[in-house]
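Numbering (full-length UniProt numbering), first residue to last: 1 to 657. To keep things clear, I will list the structure first and then write my remarks on it.
If you want it as structure tokens, here you go:
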């Protein structure tokens with residue numbers, strides 16, 4: 001018991017804020033001759049395995065910076081994934097590679113003991129689970145998730161999930177992970193913005209019952225067998241992304257989940273969304289995306305909407321109609337706002353000053369700090385929404401919309417939040433909903449109906465509606481724009497449409513890094529209580545955020561080109577990273593006597609802004625940038641890194657409260 005208590009203490013205190021602020025480079029492990037694409041700690045944390053473009057795997061003693069074993073894996077192309085098999089005494093190592101093969105190795109004799117060649121495209125990730133001995137899974141770019149059985153009498157693999165049955169032949173599976181607390185749940189990332197969570201046991205039971213059913217082999221076209229049983233899959237998506245997809249496609253900007261992982265307690269799912277930001281999904285308190293345009297019948301009474309059970313179609317003070325948003329009827333009574341304690345009032349004032357100086361990110365971070373301590377203060381949400389709308393980074397208008405709805409739910413008479421909501425809907429391309437919201441705003445606040453801000457937004461909306469009606473390609477045949485297939489070869493099945501409609505939204509979003517160049521870029525939980533989030537980046541840095549405030553707290557230079565892998569030690573404040581350089585780097589808190597840390601990126605805001613520009617740049621410009629050319633005036637189209645004031649703000653929107 002004493003030992004367990006000591007371990008609990010160790011885990012609780014091993015990553016604390018002062019440690020994070022002192023995090024620095026401890027060692028570089030040299031031995032590979034190509035990019036290091038994957039890292040994996042053993043359960044105890046005394047071994048670290050790495051896989052590389054050189055087709056070798058190396059097992060290290062990271063605590064003593066020693067290479068223990070190096071072996072050629074038998075692969076004929078880049079290794080993308082390496083995993084220790086649970087319950088094998090760290091003897092069995094599994095690798096997946098670009099040669100479409102999965103190999104199993106016995107480290108004690110340095111031999112490859114089994115080779116699986118079932119995939120038809122690059123294998124990107126392997127997953128294992130303690131509860132499933134002799135079993136593991138792979139995700140590959142043929143769109144398949146395969147399950148492997150290593151028991152002596154079988155040694156085979158079978159298809160667990162075939163994404164091509166849902167999304168057409170072009171879909172690629174990129175990453176997967178098993179819930180550490182309930183090994184029956186498997187998360188899968190693939191091309192596109194949706195992340196999928198599957199119940200493995202339910203799929204197996206379904207298959208078993210299909211085999212046992214006497215009529216299993218006989219079914220008509222109308223009575224087709226579903227590949228997955230109802231309830232075996234749940235989708236997650238950042239609510240604004242499906243609508244943004246056509247715009248991203250036009251700009252050759254690809255959305256793909258490059259890494260998925262569960263929090264240590266299994267209640268959260270973290271996703272590094274290639275082409276976008278890092279998102280955290282809460283698996284316990286799920287919320288529907290705020291901008292899902294579902295017919296009324298899809299919202300049965302009592303369904304959870306936006307994380308709150310709604311029995312009358314009203315959620316957060318907003319009626320969700322088939323055609324979008326409607327503010328609560330009539331002029332509501334102002335709910336008295338609780339005054340902020342002096343120390344929070346001071347933070348709010350600092351945020352307001354940052355806003356006045358057009359330091360949008362600084363303002364957002366200060367408001368977020370205050371929101372964490374005072375989660376029921378409408379003014380803080382309203383102010384942060386204004387800062388998001390000014391900054392205009394990818395996803396900022398959607399976060400602003402969420403903040404507006406929260407502010408209105410706390411104070412139904414929050415005038416600025418009502419108006420900003422209409423502006424956000426317009427910016428998010430929900431033009432008809434924006435018009436309806438603006439009309440409701442005018443009815444609720446008649447004295448503002450002819451303000452310059454209202455008139456400007458009215459003009460913008462009507463111009464957009466006019467051009468939309470003018471457009472011959474205007475969507476017809478019903479169905480929200482957010483679900484339509486984007487290419488002719490994408491044949492989205494009906495089952496897939498339904499699963500997408502039932503998607504849940506994110507809880508937190510983390511910005512600053514850039515993830516467009518490689519499709520193996522990781523993001524991970526860091527800390528005893530997963531209180532930090534870490535992610536690699538195309539600028540050669542890795543980024544560390546506070547999980548709860550989403551504030552960026554540290555940026556470190558981790559590679560000459562790109563940081564792809566970040567694997568935290570299972571029990572110490574110790575991080576292993578790798579990327580394009582042929583080395584593995586180990587990071588831990590440096591002694592206070594070490595004053596100089598040359599790898600700290602001091603200008604975190606500048607690095608974040610440059611990454612936003614890079615994500616929105618023309619792909620050719622990014623290629624030139626990666627080759628070392630400095631391009632002035634990188635196209636910032638829509639990134640909002642510019643500080644230009646909106647001309648259409650008027651008195652209802654201009655300054656935070």
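Just so it is clear, CB atoms sit at the ideal spot from N, CA and C, and this is done for glycine as well.
Exercise. What residue does the alpha helix (DSSP H) around residue 167 start on, and which one ends it?
Worked result: Per DSSP, the unbroken alpha helix (DSSP H) holding residue 167 starts and ends at 164-167.
Problem set entry | Assigned exposure category for residue 414 - 16 Cβ within 10 Å defines buried | Its Cβ being crowded by 16 or more others within 10 Å, residue 414 is buried.
For this session: Determine, using beta carbons only, whether residue 366 and residue 351 come nearer to each other than 8 Å.
Result: yes
For this session: Have a look at 280, 147, 182 and 102 and flag the residue whose alpha-carbon is nearest the alpha-carbon of residue 194.
Result: 280
Exercise. Does DSSP put residue 424 in a helix, in a strand, or in coil?
Worked result: helix
Exercise. Once you ignore the five residues that flank residue 32 on each side, which residues in its own chain have a CB closer than 6 Å to its CB?
Worked result: 52, 54 and 582
For this session: Grab me the residues of residue 77's own chain with a C-beta within less than 6 Å of its C-beta, minus the 5 sequence neighbours each way, in chain order.
Result: 97, 98 and 99
Exercise. Are there three or more Cβ pairs, one per stretch, closer than 8 Å when the region 265-276 is compared with the region 225-233?
Worked result: No, because fewer than three Cβ pairs between the region 265-276 and the region 225-233 fall closer than 8 Å, the two stretches do not touch.
Exercise. Of all the options 500, 496, 119 and 532, which has the alpha carbon lying nearest to the alpha carbon of residue 509?
Worked result: 532
Exercise. By DSSP, does residue 75 sit in helix, in strand, or in coil?
Worked result: coil
For this session: Could you check what DSSP says for residue 404 in three-state terms: helix, strand or coil?
Result: helix
Exercise. Would the beta-carbon of residue 507 fall within 8 Å of that of residue 282?
Worked result: yes
Exercise. Who are residue 135's beta bridge partners in DSSP?
Worked result: 149
Exercise. Is it buried or exposed for residue 661, if we count other Cβ within 10 angstroms and need 16 for buried?
Worked result: What is shown of the chain runs 1 to 657, which leaves residue 661 out entirely.
Exercise. Of all the beta strand (DSSP E) runs that stay within the bounds of the UniProt repeat "WD" (556-597), which reach a length of 3 or more residues?
Worked result: 563-568, 575-579 and 583-589
Problem set entry | CA-to-CA distance, residue 381 to residue 407, given in whole angstroms | 5 Å
Exercise. Residue 184 and residue 201 look like a contact to me (Cβ under 8 Å); what is the Cβ gap, rounded to whole Å?
Worked result: 5 Å
Exercise. With residue 591 and residue 573 assumed to form a contact (beta carbons below 8 Å), what rounded beta-carbon distance in angstroms separates them?
Worked result: Not really, about 13 Å apart at Cβ, beyond 8 Å.
Exercise. Do you know offhand how far residue 362's Cα is from residue 126's?
Worked result: 39 Å
Problem set entry | Limits of the alpha helix (DSSP H) - the one that residue 360 falls within | 360-373
For this session: Starting from residue 124, follow the beta strand (DSSP E) in both directions and report where the run begins and ends.
Result: Here the beta strand (DSSP E) through residue 124 covers 123-128.
For this session: Name, in chain order, the residues that DSSP records as bridge partners for residue 273.
Result: 257
For this session: Closer than 8 Å by C-beta to residue 114: which residues in its own chain qualify, once you throw out the five before and the five after it? Chain order, please.
Result: If we look at residue 114 and ignore the five residues flanking it on each side, its Cβ neighbours are 103, 104, 150 and 155.
Exercise. Just how far apart, CA to CA, sit residue 340 and residue 188?
Worked result: 42 Å
Problem set entry | Length-filtered (4 minimum) alpha helix (DSSP H) runs lying within the region 438-466 | none
Exercise. Can you tell me whether residue 108 is buried or exposed, with buried defined as 16 or more other CB within 10 angstroms of its CB?
Worked result: Its Cβ having fewer than 16 others within 10 Å, residue 108 is exposed.
Exercise. Hey, out of 87, 657 and 554, whose CA is closest to residue 22's CA?
Worked result: 554
For this session: Could you check how far apart the C-beta atoms of residue 158 and residue 147 are, in whole angstroms? I think they sit under 8 Å.
Result: 6 Å
For this session: Please list, in chain order, all residues of the same chain as residue 110 whose beta carbon is under 6 Å from its beta carbon, the five residues on each side excluded.
Result: 71
For this session: Could you give the DSSP three-state label for residue 113: helix, strand or coil?
Result: strand
Exercise. If we ignore side chains and look at the alpha-carbon of each, how far apart do residue 203 and residue 227 end up?
Worked result: Rounded to whole angstroms, residue 203 and residue 227 show a C-alpha spacing of 9 Å.
For this session: Return yes when the Cβ of residue 512 is within less than 8 Å of the Cβ of residue 542, no when it is not.
Result: no
Exercise. If you draw a straight line from the C-alpha of residue 256 to the C-alpha of residue 85, how long is it?
Worked result: 27 Å
For this session: Kindly indicate which three-state DSSP category residue 203 falls into: helix, strand or coil?
Result: DSSP places residue 203 within a helical segment (H, G or I) once states are collapsed to three.
Exercise. Can you give the beta carbon distance from residue 262 to residue 177, rounded, assuming they're within the 8 Å contact cut?
Worked result: Indeed they touch by this definition, with Cβ atoms about 6 Å apart.
For this session: Please determine, among 138, 61 and 242, the residue with the shortest C-alpha to C-alpha distance to residue 95.
Result: 138
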